[in-house]
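The first sequence finishes on residue 590 if you use our numbering, and the numbering steps up by one all the way, no holes.
For reference, the structure is listed below as structure tokens.
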Amino acid sequence: MMTNSQIATLLRHVAASYTIQNEAKFRFQILAYQKAADAIESSPTEIKDYIASNSLDSLPGIGESMKKYLEELIETGKVSHFEVILKDMPEAFFPLLDIPSFGPKKAFKLVSYFKFKDKNTVLDELIEKARNNEIASIEGFGEKSQEDIIQAITEFHQGVNKNSRMVLPFAQEIADKMLDYLKKSSAVEKVYTLGSLRRQKETIGDVDIAVASLHPKEVIEHFCAYPYKDRIIERGEASASLLISGGKHIDLMVQPPDRFGSLLQHFTGSKEHNVKLREFALKKGLSLSEYGIKRKGSDTVDAYSTEESFYSALGLSYIEPEIRENIGEIDLAEKNNLPKLITLNDIKGDFHLHSNYPIEPSHDMGRNSMEEMVENAISLGYQYMGFSEHNPSVSKHTSPQTALLLEKRYKKIEQINEKYKKDIRVYSLLEVDILSNGDIAIDIIAFDYLDAFLVSIHSSFSMPRDKMTERILKGLSHPKAKILSHPTTRLIGKRPGIDVDWDKVFDFCHKNNKAMEINSFPQRLDLPDSLVRQAKTHGVKFMIDTDSHATEHMSLMRYGISVARRAMTTPDDILNSWEYNKFNDWLLNS
DNA sequence: GCCGTTTTCGGCCCGACTGTTTTCAGTCG
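Okay, here's the thing in structure tokens:
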């Protein structure tokens, strides 16, 4: 079985081989293979599943030929066309491509020069050659590049065991620290976080920052003097880049205020959005860059101080950063048909809250009392909320004991409703395990003490797809089971999601008025944005919840909102943005 | 090799920075 990332690597190897064989001749094949590799790598759906559903060409950059190659790859484990392209490349060539600052040319030159043979030792051998001063004399290399090779491989070895991408709050913290630092310089007029952090992608590689200033030199000077840097990676007139601890980069770009709009647009990306946007502009005879817009045949570059004016000059309505991912947003902007995305202000309740109310749960309890969480919800302006502690543990309780615990809790929630009735409606919910056979962890005699419940998977994560799908559908089949909580169960960077026939689950949810949760915990963000998009096409509705185990977690809602925005959802799609009566009707009567 | 409101051919984003050069090639985003 090949993973998407392994397939992407294979395609990049093909592109690199083409580059060595004849870059000019294969120029556009090289681009095509790289584009296909990007698309596959960033796709959450396995290639074999695309093939199974015959939808491979829905991926941008996968056409007729690539489709055939991938089918051959999944079926036989190899592609004869690729083998012909790759057969003359030494195997020691490929590991070098993983090293930052190495491309195909440099890698091939060194491997050929030293006649490296072994892919397992080539990195060490190359460092050895550099230390022995055998590289500086090669044509096109020198003392500095010899040193750079040692540094690049060493840093690669240090960083390779770490998770290479950060979860959002971690990256935000790095960015905020730098923003505070930059604001100390009087040369800085405006400063923004851009790149994937501005687009609120679920994980962040590098932190990108833009500054508006009439004195770029001073700004770069100040930036490069950042006390928490490991070293300066590059330093130019309008941009610079720092390495900070953990192998992360902070990249900076500077433009004067009157060109800040095009800089924001350029540096926010995504790369795929920008490429598409520039192709779109070219057809209108316009060439785009961070400096502005150049009309064909003209030498002047028109400046735009805001992104709105930049997009408007292309005949497009403003595109929110979260959806700049080449997912059809440019077409929609051209037709002035972009959806009005959900915002944090639209949210009227949180439905996945763990208090410390003692019901001897199967998993971790919350830290705060029900009252504390209710008061926090009121301060957030919510109109309704639900407590959904984990069910009492199955092994330690008989079914009547569980019912008794839930009855007591129900009375407690009734008291709370009485106390806070002017401000908020509190529902009695529960997060109920779906056991491995599809049964749920509470008995029907407990249902009376619940307005509704969430179901979720907390065990037996690796089951065959058919069995797992059946398990989820069975768990959701109870009338009061309304929400599938953290549906994929993934933990970013730690645990992949479960294997499920999502189309089947989404169809079931749509037909039976069940909701998918968008869990806001930054390590979860589950459903992921791409599956939210997929679910939306089935007509599925969503609950954005925090899964809070303490009052301060309740502010994580913003990350779930980001996921929902990236999936182009509107308030109509998000149940907990609905007015109370409509929402109540869905929860209790649908 | 991909793609389409200039559609089945003939295009394909745009520029910064570095090191090794003396005008440019390679890499990156």
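Note that beta-carbon positions come from the ideal geometry of N, C-alpha and C, so glycine has one too.
Spatial neighbours of residue i in its chain, beta-carbon cut-off 7 Å, leaving aside the 5 residues before and after
| i | result |
| --- | --- |
| V167 | T203, I492, P522 and Q523 |
| A171 | L197, I204 and V207 |
| E41 | N4, S5 and A8 |
| S399 | D443 and I445 |
| D230 | L243, I244 and S245 |
| A441 | S362, N391, V394, V432, D433 and L435 |
| G438 | E470, R471, K474 and G475 |
| G497 | T488, T489 and R490 |
| H478 | I440 |
| A16 | L97 and P104 |
Integer Cβ distance of residue i from residue j, believed to fall under 8 Å
| i | j | result |
| --- | --- | --- |
| G61 | A39 | 5 Å |
| T546 | H553 | 5 Å |
| I483 | L525 | Not confirmed; about 16 Å, so no contact. |
| H458 | H549 | Not a contact, Cβ separation roughly 14 Å. |
| P571 | I342 | 6 Å |
| Y18 | I99 | Going by Cβ atoms, the distance from Y18 to I99 rounds to 20 Å, so no, they are not a contact pair. |
| A130 | V111 | Not confirmed; about 14 Å, so no contact. |
| P95 | L123 | 6 Å |
Alpha carbon of residue i to alpha carbon of residue j, nearest angstrom
| i | j | result |
| --- | --- | --- |
| S379 | R565 | 24 Å |
| N54 | E71 | 10 Å |
| K184 | L252 | 16 Å |
| E360 | A212 | 56 Å |
| L618 | T45 | Look at the range of the chain in this structure, 1 to 590, and you will see that residue 618 is not part of it. |
| M568 | P339 | 7 Å |
| K78 | R495 | 28 Å |
| T154 | G195 | 27 Å |
| D501 | N132 | 56 Å |
| I74 | N368 | 50 Å |
| I424 | Q383 | 5 Å |
| E237 | P216 | 7 Å |
| D118 | H81 | 24 Å |
| D499 | K536 | 20 Å |
| K87 | H222 | 50 Å |
| F28 | S270 | 21 Å |
| L288 | L282 | 8 Å |
| F508 | S388 | 23 Å |
| H354 | V505 | 26 Å |
| A481 | R12 | 45 Å |
| G22 | F141 | Looking at the sequence shown, residue 22 is not Gly but Asn. Rounded to whole angstroms, N22 to F141 spans 22 Å at the Cα level. |
| N581 | K396 | 38 Å |
| K284 | L277 | 11 Å |
| R259 | I150 | 39 Å |
| E139 | E147 | 15 Å |
| N161 | F267 | Any answer about N161 is weak, because its pLDDT of 48 lies below 50 and its placement is not dependable; what the coordinates show is given next. Each residue's Cα considered, the two are about 29 Å apart. |
| T193 | E272 | 19 Å |
Terminal residues of the alpha helix (DSSP H) in which residue i lies
| i | result |
| --- | --- |
| I413 | S399 to Y420 |
| R465 | R465 to L476 |
| V540 | Unbroken run through V540: none, as it is neither H nor E. |
| A32 | R27 to E41 |
Terminal residues of the beta strand (DSSP E) in which residue i lies
| i | result |
| --- | --- |
| N519 | A515 to N519 |
| L484 | A481 to L484 |
| G386 | Y384 to F387 |
| V79 | Run containing V79: none; DSSP gives neither H nor E here. |
| Q255 | K248 to Q255 |
| V211 | V207 to A212 |
Own chain partners of residue i with C-beta closer than 6 Å, once the 5 adjacent residues on each side are dropped
| i | result |
| --- | --- |
| S307 | Residue identity check: residue 307 is Glu in the sequence provided, not Ser. Result list for E307: G261, L264 and Q265, in chain order. |
| D302 | G292 and I293 |
| Q200 | E322 and S562 |
| E218 | A187 |
| L344 | R558 and I561 |
| L588 | none |
| Y427 | G386 and D451 |
| I20 | P104 and F108 |
| M2 | none |
| K190 | A212 |
| D529 | V563, R566 and A567 |
Nonlocal neighbours in the same chain, by C-beta distance under 8 Å from residue i, ignoring five residues either side
| i | result |
| --- | --- |
| S164 | G205 and G247 |
| S58 | Y50 |
| G560 | I518, N519, S520, L525, I544, D545 and T546 |
| Y449 | A403, L406, E407, R409, Y410 and S428 |
inquiry  = Three Cβ pairs or more, each shorter than 8 Å: is that satisfied between the region 243-257 and the region 172-179?
reply    = yes
task = Could you tell me whether the region 573-582 touches the region 339-348, using the rule of 3 or more Cβ pairs below 8 Å?
result = yes
ask   = With contact counted as at least three CB pairs below 8 Å, one residue from each stretch, are the region 468-475 and the region 412-427 in contact?
value = no
message = Contact between the region 288-298 and the region 320-331 is defined here as three or more beta-carbon pairs at a separation below 8 Å; is this criterion met?
response = Output reads no: the region 320-331 does not touch the region 288-298.
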